[in-house]
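This report refers to the structure that appears directly beneath it.
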Amino acid sequence: MSRRADRSAQSLQQIEDSDWGDPPADATRLISTVHRLRRKPLGLLTAEDVRLLLGQHVGVPFLVPRALAMLEEDPLCEGDLFPGDLLVSTLRVPLAHWHTHPDRLERLERVLASIDPAAEDFDDFVRSRIAAFREQLRA
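Its first residue numbered 1, the sequence shown is counted upward by one per residue in full-length UniProt numbering.
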């Protein structure tokens, strides 16, 4: 069994060997959801799950490959917010991650290049996030 297959069957909690325990009784829905998703096997995480976790910078090294695989299938795939919301969350991953993983950055650049600028669901917000990401890379 490959390392990748092993990881898809494991949760962030298992991979990171860190049990956060149950969320506090007064936790927000977001906090409760993050705690729950950390226990879900990576291979079962949906676009919305990955979007939410990346948005909180949780499990970034392990979730970026999952996000990229989803984006390679559909660059504007969406969770619960809008077409391209997973892409926007992926673009907000700290730049240090992309500098440490140039292979992942290359994959992301291919995803960005594959987006048809005339696509109906390619809106100005997503376009602006792509431009901001590229600007940060140049800085």
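From the three backbone atoms N, C-alpha and C, an ideal C-beta is built for every residue, glycine too.
In this structure, DSSP gives Ser32 a helical state, which the three-state scheme calls helix. In terms of CA proximity to Ala9, Phe62 leads the group Val111, Phe62, Pro94. Here Pro102 carries a helix assignment [DSSP, helix/strand/coil]. Ser11 is bridged by DSSP to Pro41. Membership of Ala69 in the alpha helix (DSSP H) is indicated by the continuous run 60-73.
Taking the CA atoms as reference points, Ala131 sits about 16 Å from Trp98.
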